[in-house]
Amino acid sequence: MNRNDGLTGLLDVLQAALDDPAASPGGLAARAHLSRFHFDRLVAAATGEPPGALRRRLLLERAAHRLTTSGRTVLDIAVEAGYGSHEAFTRAFQRSYGLAPTAVRRRPPLTFRELELPCPSGVHFQPPGGLRLPAARQETPMNVLQHLVDHHVETLGAIIDRAGRLDDRVLDRPVTVSVETIDEQPTLRSLINAMVTQEEHWLAALRGGEWPDESDRSMTGLAARHAVAGRDWRAFVATTLSAGTLADTFVDTTCTPPTTHTLGGTIGHVITFAAVRRTLAIGALHSAGVTDLGAGDPRPYLDRAALAPTD
Numbered sequence: 048m049n050r051n052d053g054l055t056g057l058l059d060v061l062q063a064a065l066d067d068p069a070a071s072p073g074g075l076a077a078r079a080h081l082s083r084f085h086f087d088r089l090v091a092a093a094t095g096e097p098p099g100a101l102r103r104r105l106l107l108e109r110a111a112h113r114l115t116t117s118g119r120t121v122l123d124i125a126v127e128a129g130y131g132s133h134e135a136f137t138r139a140f141q142r143s144y145g146l147a148p149t150a151v152r153r154r155p156p157l158t159f160r161e162l163e164l165p166c167p168s169g170v171h172f173q174p175p176g177g178l179r180l181p182a183a184r185q186e187t188p189m190n191v192l193q194h195l196v197d198h199h200v201e202t203l204g205a206i207i208d209r210a211g212r213l214d215d216r217v218l219d220r221p222v223t224v225s226v227e228t229i230d231e232q233p234t235l236r237s238l239i240n241a242m243v244t245q246e247e248h249w250l251a252a253l254r255g256g257e258w259p260d261e262s263d264r265s266m267t268g269l270a271a272r273h274a275v276a277g278r279d280w281r282a283f284v285a286t287t288l289s290a291g292t293l294a295d296t297f298v299d300t301t302c303t304p305p306t307t308h309t310l311g312g313t314i315g316h317v318i319t320f321a322a323v324r325r326t327l328a329i330g331a332l333h334s335a336g337v338t339d340l341g342a343g344d345p346r347p348y349l350d351r352a353a354l355a356p357t358d
């Protein structure tokens, strides 16, 4: 069980109490089926704040959200937050935020996260009416970059699998929506080949080799090529990120004349061009009646990776 599991039951009680600011501390403990003493001790141990302070902070965060997203009067928001007067609310709000409620309303932040008050637990009000617990782990930019590469390699494998069920007429039909600065008159087959060749090409360039052999453009051949190149490309990105060598350079001998690139620039290049071709390929699959891959959006993949349980 992780720390967040132990917080859940206590926070369920506190979340429900946000809509009942008059609830007494003893009443909250009773809802949790605990004595007042044990409830206070458990909440303080889990969050680093006494229940009363935690609740007041969450109510102020909710009030800040109301100020920036609704047309309700300051007095209405103050009463909802458990304050008996406009003045008492304004004093508490200004003490916590350093600004009057009307000032926050006039100039709302870019996101509500900017109005989260400092706290040791990472527990905050989550609009529209919940609580947000801290993530089980921190995702770094390097994690996100690796997940983008992993998502593309896995999705390309799925595209090849689906394309393998189509006949040559469909595979070689022109894709009418294209990006002319990237590929001329693409087909589903040519898009898949370009994505696989891109992996092979940059791996060859990194090894100081020559342009790869891309003569086998059958779906079986492309699947076999991608199984090797996709695996090695993922490993290269993982090694580069782990070593912190994104700014290192290499000479691309597959270009005429040979050109110097950074490792990070090359990874960014592949991700960008791959996303365009992947989107066109998925669109071509949709036109052929194959729709189970959706839009190929990486967001669900990154969400799952970030929220996956830690060992």
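Numbering (the working numbering), first residue to last: 48 to 358. Yeah, the Cβ is synthetic: ideal placement off N, Cα and C, and Gly gets one too. None of the values given here were measured: they were computed from a predicted structure.
- The stretch 114–133 and the stretch 149–166 touch, with three or more beta-carbon pairs separated by less than 8 Å.
- The alpha-carbon of THR244 is positioned some 52 Å away from that of ASP59.
- Membership of GLY268 in the alpha helix (DSSP H) is indicated by the continuous run 266–290.
- Between TRP280 and LEU250 the beta-carbon gap is near 6 Å, inside 8 Å, which marks them as a contact.
- In this structure, DSSP gives PRO305 a state outside helix and strand, which the three-state scheme calls coil.
- In the structure shown, THR187 adopts coil according to DSSP, grouped into three states.
- Excluding five sequence positions before and after ILE206, the CB atoms of its chain that fall closer than 6 Å to its own CB belong to ALA328, given in chain order.
- Measuring C-alpha to C-alpha distances from THR309 to each of GLY131, ARG212 and ALA252 identifies ALA252 as the nearest.
- Secondary structure remark: continuous alpha helix (DSSP H) runs of at least 4 residues inside the stretch 110–147, in chain order: 121–127 and 133–144.
- Taken through DSSP and simplified to helix, strand or coil, GLN173 comes out as strand.
- Look at THR234 here: in three-state DSSP terms it is strand.
- The beta-carbon distance between ALA335 and VAL217, rounded to whole angstroms, is 5 Å. This is short enough to meet the 8 Å contact definition.
- The C-beta distance from TRP258 to THR301 rounds to 5 Å, short enough to meet the 8 Å contact threshold.
- ALA91 and ASP66 have their alpha carbons spaced roughly 21 Å apart.
- DSSP, reduced to helix, strand and coil, places ARG216 within a helical segment of the structure shown.
- A contact between stretches requires three or more CB pairs, one per stretch, nearer than 8 Å, and the stretch 223–243 meets this requirement with the stretch 310–325.
- One thing to note: VAL170 has its Cβ no nearer than 9 Å to the Cβ of LEU107.
- In this structure, LEU213 sits away from VAL317, with a CB-CB distance that is not shorter than 9 Å.
- Under the DSSP assignment, THR296 falls in the beta strand (DSSP E) whose first and last residues are 296–299.
- Under the three-state reduction of DSSP output, LEU178 falls in the strand class.
- For PRO72, the secondary structure class from DSSP, reduced to helix, strand or coil, is helix.
- DSSP places THR319 inside the alpha helix (DSSP H), whose first and last residues are 310–334.
- Setting aside the 5 residues that flank it on each side, ASP299 is surrounded in the same chain by ALA252, PRO305, THR306, THR307 and HIS308, each with a C-beta closer than 8 Å to its C-beta; the list follows chain order.
- According to the DSSP assignment, VAL337 belongs to no alpha helix (DSSP H), since it is labelled neither H nor E.
- Of the residues assessed, VAL275 falls on the exposed side of the cut-off, its CB having fewer than 16 other CB atoms within 10 angstroms.
- Only buried fits PHE86, as 16 or more other CB atoms lie within 10 angstroms of its CB.
- Distance from the CA atom of LEU101 to the CA atom of ARG78, rounded to whole angstroms, is 17 Å.
- The alpha-carbon of ARG83 is positioned some 35 Å away from that of ALA355.
- A direct Cα-to-Cα measurement between THR137 and PRO97 gives close to 22 Å.
- Under the DSSP definition of a beta bridge, PRO221 partners with THR234.
- Here GLY291 is exposed. Its C-beta has fewer than 16 other C-beta atoms within 10 Å.
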